[in-house]
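Visitor: Numbering (my numbering), first residue to last: 1 to 238.
Before anything else, here's the structure in question.
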Ligand SMILES: NC(=O)c1ccc[n+]([C@@H]2O[C@H](COP(=O)([O-])OP(=O)(O)OC[C@H]3O[C@@H](n4cnc5c(N)ncnc54)[C@H](OP(=O)(O)O)[C@@H]3O)[C@@H](O)[C@H]2O)c1
């Protein structure tokens, strides 16, 4: 059997002090920066040209929701790399084939969707026509282990930013695939029970905390913002 491979995964997120991540609920941050600016500037400082997100977050970049045309051909369930020369990647899970990208990139980052075998020919034809790449990562769901193996093996990505939301981060952490966490904490308490947090592991709560961390660095940023970087030291038994 071939050994699974994966990139080095850094989960980068901007949170309130209680770990909640919906920046649209926060008041303006001191200094006038908004949370997306803070997120982007800190993320860019890693210099890593590939990011990965869940379906809900990827929808924010997908454009309008057009109707799919009927495919005139049957499409093989094999991985499709539309741009072999791409060096920067915007990668999103889309197990059900719900996203409707009409452009092959997000601000210059080539779009790659992680799909399951249940998606339709109409959807795959749409992605091919749009110049979007896709990787098959499971029969009905996106198996995150398979996904990371393909991201490394098929796309050649060695370092990857995992950028939300909490549900998808939770699945990747729970599978033991996160190497590092970069958390930018804004001076806000959200407090809303049920509001998405940085790691919301799908399904029943794990028996114990999901991971123990080792602090790697801490920086104080303007406006009372704190930036923590941690190594994932140990994952709990699942
Ligand atoms: N503050 C920050 O730094 C930050 C960063 C990123 C995002 N966000 C915010 O986070 C919010 C979205 O977070 P979210 O947790 O609701 O959604 P998410 O993690 O972006 O997406 C979750 C969805 O991904 C799909 N999915 C596919 N494969 C999966 C897998 N193996 N495991 C888990 N999910 C999988 C599922 O949808 P299906 O069941 O339909 O397939 C699931 O409901 C947005 O409001 C976004 O703006 C904040």
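Heads up, the beta-carbon is just placed ideally off N, CA and C, and yes, glycines get one too.
#1: Quick one: does residue 189 have its CB under 8 Å from some CB of chain B?
#2: Would you tell me roughly how many angstroms separate the C-alpha atoms of residue 205 and residue 73, rounded to the nearest one?
#3: Are the region 101-117 and the region 125-138 touching, with three or more C-beta to C-beta distances below 8 Å?
#4: Return the residue from the list 163, 151 and 145 that minimises the CA-CA distance to residue 174.
#5: Residue 23 by DSSP, collapsed to three states: which one?
#6: Leaving out the 5 sequence neighbours to the left and right, which residues in its chain are closer than 6 Å to residue 106 when beta-carbon positions are compared?
#7: If we count the other Cβ atoms within 10 Å of its Cβ and call it buried at 16 or more, is residue 70 buried or exposed?
#8: Taking the straight line between their C-alpha atoms, what separation do you get for residue 8 and residue 181?
#9: On the CB-based measure, 16 or more other CB atoms within 10 Å of its CB, does residue 162 come out buried or exposed?
#10: Beta carbon of residue 157: closer than 7 Å to some heavy atom of ligand 1?
#11: If you measure from the CB of residue 200, is any heavy atom of ligand 1 nearer than 7 Å?
#12: Buried or exposed: where does residue 34 fall if 16 or more other Cβ atoms within 10 Å of its Cβ makes it buried?
#13: For residue 29, which residues of its own chain have a beta-carbon under 6 Å away from its beta-carbon, when the five flanking residues on both sides are left out?
#14: Can you determine whether any heavy atom of ligand 1 sits closer than 7 Å to the C-beta of residue 22, and answer yes or no?
#15: Closest by CA to residue 75, which one among 23, 128 and 44?
Guide: On the basis of the supplied data:
#1: Within the model displayed, chain B is absent; a lone protein chain is all it includes.
#2: The residue labelled residue 205 in the question sits at position 205 within the chain shown. The residue labelled residue 73 in the question sits at position 73 within the chain shown. So the two alpha carbons sit approximately 44 Å from each other.
#3: yes
#4: Taking the first residue of the chain shown as 1, we reach residue 174 at position 174. Ranking 163, 151 and 145 by Cα distance to residue 174 puts 145 first.
#5: Numbered from its first residue, the chain shown carries residue 23 at position 23. Here residue 23 sits in helix by DSSP.
#6: Your numbering for residue 106 matches position 106 in the chain shown. Closer than 6 Å at Cβ, skipping near neighbours: 61 and 90.
#7: Here residue 70 refers to the residue found at position 70 when the chain shown is read from its first residue. Label assigned to residue 70: exposed.
#8: On the chain shown, residue 8 is found 8 positions in, with the first residue counted as 1. On the chain shown, residue 181 is found 181 positions in, with the first residue counted as 1. Roughly 11 Å between the two C-alpha positions.
#9: As a first step, residue 162 must be located in the chain shown, where it is residue number 162. With 16 or more other Cβ atoms within 10 Å, it is buried.
#10: Start at 1 with the first residue of the chain shown, and residue 157 comes out as number 157. Residue 157: no, Cβ never under 7 Å from ligand 1.
#11: Residue numbering aside, residue 200 sits at position 200 when the chain shown is read from its first letter. Within the cutoff, so yes.
#12: Mapped onto the chain shown, residue 34 falls at position 34. Classification of residue 34: exposed, given that the 10 Å Cβ count is below 16.
#13: On the chain shown, position 29 is the one that residue 29 refers to. Excluding positions up to five away in sequence, the list reads 186 and 223.
#14: If you number the chain shown from 1, residue 22 lands on position 22. Yes, the Cβ of residue 22 comes within 7 Å of a heavy atom of ligand 1.
#15: In the chain shown, the residue the question calls residue 75 occupies position 75. Selected option, being the one with the closest Cα: 128.
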